[in-house]
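In this note's numbering, the protein residues as written are 1 to 328. See structure below.
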């Protein structure tokens, strides 16, 4: 599944107001976090909403809100997702589960639904159902965002979907990102010419995608990261293609994204990657933003002129595509 499923508790601020306030009571399994600071943050904006100190095996955060919203509770680098809503919310820090208030209880039941989904199509359907049931509370925009991440949409389809949601959704950072991804995918769909980008290397020099693409050979471009298990598992498949076709009409390129440069260099050596890799002087996000890439590895094949002929293929399907290109 896509990267959104790393945590069920992921998304945006929301809409319906509550009177009164919230009280989050965190129970710790032991006293090892005594005096640690707890940060309650908005997942959508990343802003800190409130802080509190852990006392022994307990931490209490209180506050008042106008709107329910998704939040991350962060203590000692660990995090727990929850809905901040009016009433008392209990958090079991050992299991990272929030409960005891209606919206959090809804999510705990919804998580069981997600666990039974066997495809992204089923996931999309589950998220859309949750959105429809919660349009006017904080679950709504979270569910809609995840629906957009699971469901491939064309621009007309996206516009139709947006007509069915509260207008305020479009102001949320996560929803904006999903919308921009769909638009970027349309601009970089199969049949479109490549979209160039420039990366500043660690030594201050620059490199462009166009330094490699559109140079008279088919070009297989792998967007990847060192920490990404599926990315690492795809490398042997790419190596097999490299050994078969490198220098025979096909070129290969890696683009390291969402990764620290030092970690990228280490992985290149560990994996013995024989093709050039574009590595920036910081974690790269522009290449994936431009191409609307939401999960990695993401492999794009360009024709000799630089036109996109496939994107998102891996393993045997990618090999079959390259074989078909070379058989022409």
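Glycine included, every Cβ here is placed at the ideal spot set by N, Cα and C. This one's a predicted model, so the numbers in the text were calculated from it and none came from an experiment.
In the DSSP output, what is residue i paired with across the bridge?
i, result
"residue 229", "Looking at the DSSP assignment, residue 229 forms no beta bridge with any residue, so it has no partner."
"residue 87", "22"
"residue 98", "91"
"residue 254", "222, 277"
"residue 201", "According to DSSP, which records beta bridges pairwise, residue 201 is partnered with nothing at all."
Got a sec, what are the start and stop residues for the beta strand (DSSP E) residue i sits in?
i, result
"residue 83", "78-84"
"residue 40", "37-42"
"residue 21", "21-27"
"residue 167", "Counting along the chain, residue 167 falls outside any beta strand (DSSP E), and DSSP gives it neither H nor E."
"residue 194", "First-last for residue 194: undefined, no H or E at that position."
"residue 300", "298-302"
"residue 311", "308-311"
How far does the alpha helix (DSSP H) with residue i in it extend, from its first residue to its last?
i, result
"residue 140", "139-150"
"residue 111", "102-116"
"residue 271", "261-271"
"residue 288", "286-291"
"residue 135", "Careful: residue 135 lies outside any alpha helix (DSSP H) and carries neither H nor E."
Using the three-state DSSP reduction, which class does residue i fall into: helix, strand or coil?
i, result
"residue 317", "helix"
"residue 242", "helix"
"residue 326", "helix"
"residue 57", "coil"
"residue 218", "strand"
"residue 72", "strand"
"residue 174", "helix"
"residue 63", "strand"
"residue 182", "helix"
"residue 32", "coil"
"residue 208", "strand"
Smallest Cα separation from residue i: which of the options?
i, options, result
"residue 237", "93, 39, 274, 213", "274"
"residue 212", "180, 175, 252", "252"
"residue 208", "280, 267, 177", "280"
"residue 26", "245, 96, 65", "96"
"residue 221", "277, 267, 168", "277"
"residue 145", "172, 50, 105", "172"
"residue 267", "298, 231, 57", "231"
Counting beta carbon pairs with one atom in the segment 142-150 and one in the segment 120-129, are three or more of them shorter than 8 Å? yes
Three Cβ pairs or more, each shorter than 8 Å: is that satisfied between the segment 192-212 and the segment 284-293? yes
Any contact between the segment 157-174 and the segment 293-307? By contact I mean 3 or more CB pairs, one from each, below 8 Å. no
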